[in-house]
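J.: Protein chains in written order, with our numbering: chain A, 1 to 263; chain B, 1001 to 1263.
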């Protein structure tokens, strides 16, 4: 099955110098995967206008269906996402009235003036549709370009989540045909390399499923087996694959313990 | 100051579908930055031979001084890092005797045989130097190619850390000239957009320093200011920049509280 593709781009030196763990990439990756996208790459790049805009031209040339860009929408000098996107898209930045109003309301409630630095957050590439931020100051945006949907979201996780869940996902939900089915189970008393040949076997019978063993999954003991796929008959295939796998595992490791697993 | 450049590549679908948070990228990024490298990109890519090997050709064309590749060295069918590197480097995979011995010792202690799946972990691109793994089974490697140093490390964090700290960093330490100086301090009673113009001002006086405000840094209240740079006179410049910044901040926010900060 050919799935629509996505790339995630996280902008910010702090992600490259070891200051911030990129939890945004993980969050966005999970949501896009469940929605039915194949996330091809997640890239962290520096706050550098030349490097970053050249990078986006590369991304555009790969033509993913969706690009989500997180980080660099704030008021500081190195918050340059919109400038970067404008340069890569060769689109001028234009002050958006709706964004100015949103910023006026946000800072007004806090008794702050709309200074030059804050007003910068209302400068969007021409043609962008503003996505309201209900948690923080910086609005996001949606840009349609050469058949791609580009979504711009803040780097602050709570603000990113707000815009992603309330604006981005509902827009994408109307576009995708197949969502994800998945099942996880945990096995104890075996090593990953012992069961690797069994997984290889089962994999050949279910080429459309993604089957993966995770040792120490989220700090848990044992190995978690994750089976997933897209499309109509996937749910029953997953159950068949699980049954076949357990049969093979038990031949290798008679003492195997199997648990259901939900996370 | 022109720093040597680095790219970090993390291989594994689990990083793209939201199952695993990419803490390896953060750890490696911090170590390379402190050593004196400019980490240009951190990219998570899928376990797909064609996509991943094409991706590495792109990386090679950018000619970073160092490439660290994490993940995909294990015994399962989707552990394909060495195959991917071999394809991208156009180098055949050759069984390495030292790696076979290391795997024999590792599995021997656990009363496991060196099965075909486990033996796969000893197949390295021709010309690679093996890096011993003292924590897990899969050895890493060092490849020199077209002026670049490529290091291959496992995805399991404890194994990656072992090989990175005991092999990779000592090799790179001999190559770099400038290491990082940095200072962090915390300010309370102000917003990021209030102090943004002061940071812009100070930035123009210290163009060689990287100055960054982090709201909610590692979950802490207030804003953490991070100043860093490379080279001989950096330590004194950082102190001057801090003093100048605090003076400007206090004009804007007389009630400002300043704390030292270490993490």
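Positions of the beta carbon are idealized from the N, C-alpha and C atoms, including for glycine. Bear in mind that the values here come from a model prediction, so they are computed numbers and not experimental data.
Taking C-alpha atoms, which residue in 262/A, 123/A, 258/A lies nearest to residue 140/A?
T.: Of the candidates 262/A, 123/A, 258/A, the one whose C-alpha sits nearest the C-alpha of residue 140/A is 123/A.
J.: Using the C-alpha atoms, what's the distance from residue 1047/B back to residue 1087/B?
T.: Straight-line Cα distance between these residues: approximately 14 Å.
J.: Does the pairing of the segment 1192-1203 of chain B with the segment 1239-1248 of chain B give three or more beta-carbon distances under 8 Å?
T.: Enough Cβ pairs lie closer than 8 Å, so yes.
J.: Shorter than 7 Å from the beta carbon of residue 1017/B to some beta carbon of chain A?
T.: At least one chain A Cβ lies under 7 Å of residue 1017/B.
J.: If contacts are defined as beta-carbon pairs under 8 Å, then residue 1236/B and residue 112/A qualify, I think. What distance do you get, rounded to the angstrom?
T.: Not a contact, Cβ separation roughly 35 Å.
J.: Check whether the Cβ atoms of residue 95/A and residue 1193/B lie closer than 7 Å to each other.
T.: Cβ distance not < 7 Å, so residue 95/A and residue 1193/B don't count as in contact.
J.: Quick one: does residue 193/A have its CB under 7 Å from some CB of chain B?
T.: So, interface residue.
J.: Closest to residue 1106/B by C-alpha separation, out of 1042/B, 1093/B, 1145/B, 1137/B, would be which residue?
T.: Out of 1042/B, 1093/B, 1145/B, 1137/B, 1137/B has the C-alpha closest to the C-alpha of residue 1106/B.
J.: Measuring CB to CB, does residue 14/A end up less than 7 Å from residue 41/A?
T.: Cβ distance not < 7 Å, so residue 14/A and residue 41/A don't count as in contact.
J.: Flag this pair as yes or no: are the beta carbons of residue 84/A and residue 61/A separated by less than 7 Å?
T.: Cβ distance not < 7 Å, so residue 84/A and residue 61/A don't count as in contact.
J.: What is the residue span of the alpha helix (DSSP H) that residue 1107/B lies within?
T.: 1097-1109 is the extent of the alpha helix (DSSP H) around residue 1107/B.
J.: Is residue 1192/B near the ligand FMN, going by C-beta to nearest heavy atom under 6 Å?
T.: The ligand FMN is not part of this structure, which contains no ligands at all.
J.: Identify whether residue 121/A lies in helix, strand or coil by the three-state DSSP scheme.
T.: In this structure, residue 121/A counts as helix in the three-state DSSP scheme.
J.: For residue 1014/B, return the contacting residues in chain A, with the cut-off set at a CB-CB distance below 7 Å.
T.: The contacting residues are 212, 214.
J.: Quick check on the DSSP output: what are the complete beta strand (DSSP E) runs of length 3 or more inside the segment 1031-1098 of chain B, in order along the chain?
T.: Whole beta strand (DSSP E) segments, 3+ residues: 1038-1045, 1066-1070, 1093-1095.
J.: Do residue 227/A and residue 183/A have their beta-carbon atoms positioned less than 7 Å apart in this structure?
T.: Contact flag set, yes.
J.: Report the start-end ranges of each alpha helix (DSSP H) in the segment 1164-1189 of chain B that is 4 residues or longer and not cut off at the edges.
T.: List check, alpha helix (DSSP H) in window: 1169-1173.
J.: Which stretch, first to last residue, makes up the alpha helix (DSSP H) that contains residue 195/A?
T.: Segment 192-205, the alpha helix (DSSP H) holding residue 195/A.
J.: Smallest Cα separation from residue 127/A: which of 242/A, 244/A, 82/A?
T.: The candidate whose alpha carbon is nearest that of residue 127/A is 82/A.
J.: Got a sec: is the Cβ-Cβ distance from residue 1045/B to anything in chain A below 7 Å?
T.: True, the Cβ-Cβ gap to chain A drops below 7 Å.
J.: Which residue comes first and which comes last in the beta strand (DSSP E) that contains residue 261/A?
T.: Its beta strand (DSSP E) spans residues 257-261.
J.: For the 8 Å Cβ check, are there 3 or more pairs between the segment 199-217 of chain A and the segment 146-160 of chain A?
T.: Judged by Cβ distances under 8 Å, the segment 199-217 of chain A makes no contact with the segment 146-160 of chain A, as fewer than three pairs qualify.
J.: In angstroms with no decimal places, state the Cα-to-Cα distance between residue 91/A and residue 143/A.
T.: The straight-line gap from Cα to Cα measures roughly 11 Å.
J.: Which residues in chain A sit within 9 Å of residue 1035/B, going by Cβ to Cβ distance?
T.: None at all; the shortest Cβ gap to chain A is about 11 Å.
J.: Would residue 21/A pass as an interface residue toward chain B - the criterion being a Cβ-Cβ separation below 7 Å?
T.: By this cut-off, residue 21/A is an interface position.
J.: Since residue 1041/B meets chain A, which of its residues come closer than 9 Å, beta carbon to beta carbon?
T.: Here the neighbours are 16, 43, 44, 45, 46, 51, 55.
J.: According to the neighbour-count rule (16 or more other Cβ atoms, all chains shown, within 10 Å of its Cβ), is residue 2/A buried or exposed?
T.: Looking at its Cβ environment, which holds fewer than 16 other Cβ atoms inside 10 Å, residue 2/A is exposed.
J.: Can a CB atom of chain A be found closer than 7 Å to the CB of residue 1077/B?
T.: Closer than 7 Å to some Cβ of chain A, the Cβ of residue 1077/B qualifies, so yes.
J.: Spell out the partners DSSP gives residue 229/A in its beta bridges.
T.: Answer is 181/A.
J.: Look at the alpha carbon of residue 1030/B and the alpha carbon of residue 1037/B, and state the distance between them as a whole number of angstroms.
T.: Roughly 10 Å between the two C-alpha positions.
J.: Quick check: is the beta carbon of residue 1117/B nearer than 7 Å to any beta carbon in chain A?
T.: Yes, contact with chain A.
J.: Helix, strand or coil for residue 1243/B per DSSP?
T.: Three-state DSSP puts residue 1243/B in a helix.
J.: Less than 7 Å between the beta carbons of residue 89/A and residue 104/A, yes or no?
T.: No. Outside cutoff.
J.: Counting C-beta neighbours from all protein chains within 10 Å, is the total for residue 1263/B 16 or more, i.e. buried, or is it exposed?
T.: It is exposed - the Cβ of residue 1263/B has fewer than 16 other Cβ atoms within 10 Å.
J.: In terms of DSSP beta bridges, what is residue 1149/B paired with?
T.: Beta-bridge pairing links residue 1149/B to 1066/B, 1144/B.
J.: Can you list, in chain order, the residues of its chain whose CB lies under 7 Å from that of residue 238/A, leaving out five sequence neighbours each side?
T.: Excluding sequence neighbours, residue 238/A sits near 181, 183, 209, 227, 229.
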